[in-house]
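Have a look at the structure below, then the notes.
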Amino acid sequence: MDLLALADFNLVARHGGFGKASRAAGRPKATLSRRVAELEASLDLRLFERGARVLKLTEEGRALFERTGQLLTELGETAAAIASGGQSPKGRLRISAPLLFSQIAMGKLAAGFALKYPEVRLEVTTEDRSVDMVEEAYDLVIRVNPEPDESLVGRVFLRDRLVVVASPKLRRPMDGSAVPVVVRGPARQGEVWNIETPKGKSEVAVNPVLSLSSLIMVRDAVRMGVGAGRLPISLVSHDLAVGKLIHWGDVGGPEITLWTLYPTRRLLSARVSAFLDHLRQAFPKGTPDELAAYVGRFEVL
């Protein structure tokens, strides 16, 4: 495929017409029209519906534009960075991050990044669902324990673990009766929590008395003494240190891992590289204590 012809196609598609693209780029309209026609002939596809006054992308043209526009932008940025000896990152950077991490850390991380790289327009959306990075035009996603995906590459940048905590006012029954607990999501009656302590493993029967939609809400309710809760250690580390909460034990199972992910077929843009470096500087070891310390420096209790 002729990359120059592809670039001209993207120019026309982005501006919505040959005339507008010609004026924006300072290039002859006839040249742009000829290059797009050559691209259509090489692909044996019609990329535009040409009307008397309206130029519209065909379904195939829209798919080609969506999938090549970002790639061409990244190629141009890479070439410019090499030619200039490594220019400062600039342009739009779209990131999708999970709810809890966004609530406790993403605001500070984003602000620090914006101060460091003022020419980058950072956009962060908060959602726990698996987004389609190509279709939804994300440059980077942060996910908790993601499912394997051959189309994405990335690395773990933070680790955490779940613990069972409660207010000192709440005593753990020794007769095996159910403990009042606060849970995230739907409550399940008759559930048993497995807890690991220095003395060994134990089972705790639980009675969900509150069902909330976020772990921040669960922590706040547990602080009030309503019931025990299962929470990331990074979220309650300060409360444990000052005695506001008591550690009953660790929750068994795999550790919590936070990953940064991006498509394998994309060049790693200067913006993404800069944000990954920003994360490494914030969490050089990636431990729960680092996240707890980072949150603790900003949290007003």
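When you line the sequence shown up against the numbering used here, it's residues 11 to 311, in that order. Virtual Cβ for every residue (Gly too), placed ideally from N, Cα, C. No experiment lies behind these values; they were computed from the predicted model shown.
Can you tell me whether Met143 is buried or exposed? The criterion is at least 16 other CB atoms within 10 Å of its CB, across all chains shown.
If you number the sequence shown from 1, residue 143 lands on position 133. The residue is buried, with at least 16 neighbouring Cβ atoms inside 10 Å.
Counting C-beta neighbours from all protein chains within 10 Å, is the total for Val236 16 or more, i.e. buried, or is it exposed?
Position 226 of the sequence shown, counted from the first residue, corresponds to residue 236. It counts as buried.
Note down, in chain order, each residue of its chain lying with its Cβ closer than 6 angstroms to the Cβ of Pro218, except the 5 sequence neighbours on either side.
As a working note, residue 218 is residue 208 in the sequence shown. If we look at Pro218 and ignore the five residues flanking it on each side, its Cβ neighbours are Val191, Val193, Ala197.
Select from Thr41, Leu103, Ala47 the residue whose C-alpha is nearest the C-alpha of Ser279.
Within the sequence shown, residue 279 is the residue found at index 269, counting from 1. The option with the nearest alpha carbon to Ser279 is Leu103.
So Thr297 packs on Phe167, CB below 8 angstroms; how close in whole Å?
Position 287 of the sequence shown, counted from the start, is the residue given in the question as residue 297. Position 157 of the sequence shown, counted from the start, is the residue given in the question as residue 167. So it is not a contact: roughly 11 angstroms between Cβ atoms.
Go through the stretch 65-153 residue by residue and report every complete run of the alpha helix (DSSP H) that reaches 4 residues or more, in order.
As far as the stretch 65-153 is concerned, its whole alpha helix (DSSP H) runs of at least 4 residues are 69-93, 117-126.
Please state if the CB of Val189 and the CB of Leu241 are separated by a distance shorter than 9 angstroms.
On the sequence shown, position 231 is the one that residue 241 refers to. On the sequence shown, position 179 is the one that residue 189 refers to. Not closer than 9 angstroms, so no.
With a CB to CB cut of under 6 angstroms and the five nearest residues on each side skipped, what residues in its chain are close to Ile114?
Here residue 114 corresponds to residue number 104 of the sequence shown, with the count starting at 1. Around Ile114: Val305.
What does DSSP give as the partner residues of Trp258 in its beta bridges?
Along the sequence shown, read from residue 1 onward, the residue named residue 258 stands at position 248. DSSP lists no partner for Trp258.
Thinking just about the alpha-carbon of each residue, which of Ser52, Gly79, Thr207, Leu53 is nearest to the one in Ala17?
Here residue 17 refers to the residue found at position 7 when the sequence shown is read from its first residue. For the residues Ser52, Gly79, Thr207, Leu53, the minimum Cα distance to Ala17 belongs to Gly79.
Whole-angstrom Cβ separation of Pro22 and Leu42, contact assumed at under 8 angstroms?
The sequence position of residue 22 within the sequence shown is 12, counting from 1. The sequence position of residue 42 within the sequence shown is 32, counting from 1. Contrary to the premise, residue 22 reads as Val rather than Pro in this sequence. Contact flag correct, Cβ pair sits at about 6 angstroms.
Check whether the Cβ atoms of Gly101 and Val130 sit closer than 9 angstroms, and answer yes or no.
Against the sequence shown, residue 101 aligns to sequence position 91. Against the sequence shown, residue 130 aligns to sequence position 120. Their beta carbons are under 9 angstroms apart, which means Gly101 touches Val130 by this criterion.
Are there 16 or more other CB atoms within 10 angstroms of the CB of Val216, so buried, or fewer, so exposed?
To locate residue 216, count along the sequence shown from 1; it is residue 206. That one is buried.
How big is the Cα-Cα spacing for Ala147 and Glu76?
For the purposes of this step, residue 147 is identified with residue 137 of the sequence shown, where counting begins at 1. For the purposes of this step, residue 76 is identified with residue 66 of the sequence shown, where counting begins at 1. Ala147 and Glu76 have their C-alpha atoms some 8 angstroms from each other.
On the CB-based measure, 16 or more other CB atoms within 10 Å of its CB, does Val214 come out buried or exposed?
The residue given as residue 214 occupies position 204 in the sequence shown. Counting Cβ neighbours within 10 Å, Val214 comes out buried, since at least 16 surround it.
Can you give me the Cβ contacts of Ile256 inside the same chain, cut-off strictly under 6 angstroms, excluding the 5 residues immediately before and after it?
The residue you call residue 256 lines up with position 246 of the sequence shown. So the list reads Ala176, Pro178, once near-sequence residues are dropped.
Is DSSP giving Val166 helix, strand or coil here?
Translated into positions along the sequence shown, residue 166 becomes position 156. Strand at Val166.
Rounded to whole angstroms, what is the Cα-Cα separation between Ser94 and Phe123?
Position 84 of the sequence shown, counted from the start, is the residue given in the question as residue 94. Position 113 of the sequence shown, counted from the start, is the residue given in the question as residue 123. Residue confidence for Ser94 is low, a pLDDT of 49 falling below 50, so the modelled location carries little weight; the figure read from the coordinates is stated next. If you take the alpha carbons of Ser94 and Phe123, they lie about 22 angstroms apart.
Under 9 angstroms between the Cβ atoms of Ala251 and Leu180?
Position 241 of the sequence shown, counting from 1, holds the residue named residue 251. Position 170 of the sequence shown, counting from 1, holds the residue named residue 180. It is not a contact, given that the beta carbons lie outside the stated cut-off.
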